[in-house]
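K.L.:
Before I ask anything, here is the structure I am working with.
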Amino acid sequence: MDTYAIDLHIHTALSPCGSEEMTPNNIINMSRLKALDVIAITDHNAIANVKPCMEVALHSNITVIPAIEITTEEEVHLLAYFSTYEELEAFFCELKKKQRNLENRPEIFGNQMIFNSKDVMIGEEKTLLMNAIQISFDDAVILINHFNGAAVPAHINRSSFSVTSSLGFLPQDLPIYCIELYEGNHIEDFLLNNPKYKKYKHVISSDAHCLTEILERIFFMELINNTSKEVVNWLKTK
């Protein structure tokens, strides 16, 4: 087993709240500067910039996990990780059927920029990505599991857009084995005050929306290797 530095929650400029500096090459190069081994691209309700980031990472030692951050109808942020881009794409094709067809207004909500692997903007997502998807938290977890993904409730130590703030609890009868803790909040205090969450594996992530927010080497996984399959298996097993 080897130890790998991880940040599994990074947004690109496709997310309307993401900085325009969050292009594929900038993200991979900053991750290299911070000596990370594994990252995940987790845009809000969209996947268009995942593949370009994966293509850029082929020229580095960094593994990019295909992923997405879903906003469920209860306004819960739920992370979904997959071993291959094809699994993510198949999942997203099903999820997109439940997306509200409201148009983005960039002057209000921000740009939603799509890049190629050369950091050239090749389009903008017209559908507003900040809106909740018309799927419940429970059904979203089940759908992720159906496509062989790992469902991880996002930043549960936050007071907004988390399963704890929106639902008040984490359902016990779902295939969830890992939770995400936001690096910027008091993690030890949260776990001390909420001992019921200690039974879950946890990851510490940045939820980076700009380059400087990407994690330093503060969270590590012990894995056989740093492939997407190995990381996703770690996330979805007890």
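Just so we're aligned: 61 in our numbering is position 61 of the sequence shown, and the numbers increase by one with no gaps anywhere.
The C-beta atom is built at its ideal place from N, Cα and C for all residues, glycine as well.
Since we're looking at a predicted model, the values are computed, not measured.
1. Just how far apart, CA to CA, sit Q112 and L36?
2. According to DSSP, simplified to helix, strand and coil, what is C93?
3. Do I10 and I47 have their CB atoms nearer than 8 Å?
4. Determine, for L191, whether the minimum Cβ-Cβ distance to residues of chain D falls below 8 Å.
5. Could you tell me which whole beta strand (DSSP E) segments of length 3 or greater appear in the stretch 125-183?
6. Roughly how many angstroms lie between the CA atoms of K199 and E183, to the nearest whole one?
7. Whole angstroms are fine: how far does the CA of I108 sit from the CA of E86?
8. With distances taken from CA atoms, which of E103, L78, R105 and G110 is nearest L95?
9. Starting from the C-beta of D138, find all residues in its chain whose C-beta is less than 8 Å away, skip the five residues before and the five after it, and write them out in chain order.
10. Keeping to the same chain, check which residues put their C-beta closer than 8 Å to that of I135; ignore five residues upstream and five downstream.
11. Cα-Cα, which of N194, E180, E188 and L192 is closest to D202?
12. Can you list, in chain order, the residues of its chain with a C-beta nearer than 8 Å to that of H209? Leave out the 5 residues immediately preceding and following it.
13. Residues bridged to E103 by DSSP?
14. For the beta strand (DSSP E) holding E230, just list the boundary residues, first then last.
15. Measuring alpha carbon to alpha carbon, tell me which of V231, I133, P195 and H146 ends up nearest D2.
16. Give the C-beta separation of V50 and N25 to the nearest angstrom, bearing in mind that I take them to be a contact with Cβ-Cβ under 8 Å.
17. Please state whether DSSP places P52 in a helix, a strand or coil.
18. In chain order, which beta strand (DSSP E) runs of at least 3 residues are fully inside the stretch 11-95?
19. Look at the alpha carbon of M54 and the alpha carbon of T63, and state the distance between them as a whole number of angstroms.
20. Relative to the C-alpha of N45, which candidate in S83, N225, C93 and F220 has its C-alpha closest?
21. Give the DSSP-derived three-state secondary structure of Y200 in the structure shown.
22. Going by DSSP in three states, F109 sits in which element: helix, strand or coil?
23. Per DSSP, which residues does M221 bridge with? Please list them.
P.N.:
With the structure as the only source:
1. 26 Å
2. helix
3. Against a cut-off of 8 Å, the Cβ pair of I47 and I10 comes out as no contact.
4. Among the chains in the structure shown there is no chain D, since it carries only a single protein chain.
5. You should have 150-153 and 178-182.
6. 19 Å
7. Roughly 33 Å between the two C-alpha positions.
8. When the alpha-carbon of L95 is set against those of E103, L78, R105 and G110, the nearest one is in L78.
9. P171 and L174
10. I70, T72, E73, L95, K98 and L143
11. At residue 202 the sequence reads His, which differs from the Asp that was named. Comparing Cα-Cα distances from H202 to each of N194, E180, E188 and L192, the minimum goes to E180.
12. H11, S15, C17, G18, S19 and M22
13. Looking at the DSSP output, E103 sits in a beta bridge with T127.
14. From DSSP, E230 is part of no beta strand (DSSP E) but of the alpha helix (DSSP H) over S228 to L235.
15. V231
16. Between V50 and N25 a beta carbon distance of about 14 Å is seen, past the 8 Å cut, so the two are scored as non-contacting.
17. Looking at P52 - three-state DSSP - the assignment turns out to be helix.
18. Within the stretch 11-95, the complete beta strand (DSSP E) runs of at least 3 residues are 38-41, 63-71 and 77-81.
19. Going by C-alpha positions, M54 is about 8 Å away from T63.
20. For the set S83, N225, C93 and F220, the Cα lying nearest the Cα of N45 is the one of C93.
21. coil
22. helix
23. Y4
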